[in-house]
Amino acid sequence: MPTNVTIHYAKAQEKYIKAKTREEKIAALEEMIKEAPSHKGGENLRKELKQRLARLRQKKEASTSRRSFMIPKKGDAQICILGATQSGKSTLLSKLTNAKPKITSHAYTTEKPEIGTCDYLGVKFQMIEIPSTYRPVFMSIAHCADALVLVYNKKEELKEVREVLEGFRIQKPFIEVSRDEDLDTIKEKLWEILGMIKIYTKEPGKKPSKKPMVMPKGSTVQDAARVLHNDFQDYFNFARVWGSSKYPGERVGPEYELEDDDILEVHIT
Ligand SMILES: Nc1nc2c(ncn2[C@@H]2O[C@H](COP(=O)(O)OP(=O)(O)OP(=O)(O)O)[C@@H](O)[C@H]2O)c(=O)[nH]1
Ligand SMILES: [Mg+2]
């Protein structure tokens, strides 16, 4: 124990030593900082205590945020469904995906995130309905999603959900969906706002893949080839493209920018 400390400091230090939880340690440290001697010799002590406190607070924060509801991404895009209670979120989720969420006419029926997969021309959307309580743990899902579906029954409900998003500083591409909307139209609109392209890859002399490769808009042959071959740098020779190219099967280089629904054949040496 450093010399020249007050009895109050000594007591706080004892609390710190005996503290069992992180919260107790933080509280005791705060007290120690307050009681640390103010003369010149106390400066270093104070500094050291403050650093210790900062480390403890950091750990506390890390453990709380780990409790947030992160759902591992599956498929090509993660979409969060949210809106006012009873707006029809679960009904929409059950229509679009394989999920079977509970649907009743009681408010706040959905109490935890419900997950399903939606197919759009071979693209897989992972759709997650979050409860309308807008708890931070659930809003973290919206925070991590690639896009949002704001479901509403009455137009006024949209104001509420937009305010909530603003409050949480969540800025994601979104679509607004009312109950009567056509499911295919919803999927098309979602695909549009995601800013992605579907690429069908093929091997020479074979048919293109059924399942598209999904990439961000602006991706080049090189970007796609990297996903296909780890050793692209060493072995890329040329590629052929059907779709956006001047003529079917045009020979292109690595910088060629691909477009939605292109067919790509990569030739390696
Ligand atoms: N007629 C009609 N009723 C609907 C439609 N969508 C939802 N409902 C009804 O509205 C009620 C709430 O639907 P849910 O899909 O559970 O709504 P939710 O937003 O998930 O509700 P919570 O999870 O409780 O917040 C149920 O009684 C549904 O049958 C729709 O498109 N048409
Ligand atoms: Mg629901």
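Residue numbers 16 to 284, in our numbering, belong to the letters of the sequence shown in order. Glycine included, each C-beta is placed from N, C-alpha and C at the ideal position.
| Asked | Found |
| --- | --- |
| Report yes if the C-beta distance between LYS110 and THR125 is below 8 Å; otherwise report no. | no |
| Roughly how far, in whole angstroms, is the beta-carbon of ILE94 from the beta-carbon of ASP195, given that I think they are within contact range, below 8 Å? | The pair is not a contact, with the Cβ atoms about 20 Å apart (cut-off 8 Å). |
| GLY103: beta carbon under 7 Å from a heavy atom of ligand 1? | yes |
| Do ALA99 and SER147 have their C-beta atoms closer together than 8 Å? | yes |
| Answer yes or no: the CB of THR112 versus the heavy atoms of ligand 1, is any distance below 7 Å? | no |
| To which residues of the same chain is LYS117 closer than 8 Å at the C-beta, ignoring the five residues directly before and after it? | SER105, THR124, THR125 |
| Cβ-heavy atom distance between PRO231 and ligand 2 below 7 Å? | no |
| Which same chain residues, not among the five before or five after TYR250, have their C-beta less than 8 Å away from its C-beta? | HIS244, ILE283, THR284 |
| When you measure from the CB of TYR149 to every non-hydrogen atom of ligand 1, does any distance come out below 7 Å? | no |
| Along the chain, where does the alpha helix (DSSP H) that runs through ASP238 open and close? | 236 to 243 |
| Put ALA92 into one of helix, strand or coil per three-state DSSP. | strand |
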